[in-house]
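Take any residue in the sequence shown, note its place counting from 1, add 129, and you have its number in our numbering.
Have a look at the structure below, then the notes.
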Amino acid sequence: MTSQPPPAAPLRADCIADSAGGLTFDVAAHDHSGVAHLVLRRRDAGAAEDTVGLPLAPAAEGRLRAALPSSVALPEGRWDA
């Protein structure tokens with residue numbers, strides 16, 4: 130019998146807004162290797178324009194960071210990371 134690995138803990142993104150309206154997201158990434166992206170999806174929407182992908186870059190030990198500049202307009206609504 131093959132045992133199933135334990136479910137992965139959900140990732141959590143910390144978000145900070147700057148005075149110009151930009152957003153910075155920090156994500157814990159203890160075992161990061163390779164290319165990573167943070168995907169934002171508008172709740173209850175299915176169109177491609179309701180998804181935004183942001184590249185994640187190393188920010189500190191065990192942390193990755195993505196930035197959404199204020200020049201990027203998102204439609205009104207609730208967004209999940």
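Glycine is no exception: its CB is placed at the ideal position from the N, C-alpha and C atoms.
Under the assumption that L185 contacts R194 (Cβ atoms under 8 Å), give the Cβ distance between them as a whole number of angstroms.
7 Å
Looking at the secondary structure, which residues open and close the beta strand (DSSP E) in which L197 lies?
R192 to L197
Could you tell me which of Q133, T153 and G191 sits nearest to V129, measuring between CA atoms?
Since the first and last residues shown for the chain are 130 and 210, residue 129 lies out of range.
Helix, strand or coil: how does DSSP classify D179 here?
helix
Look up P139 in the DSSP assignment and say whether it is helix, strand or coil.
coil
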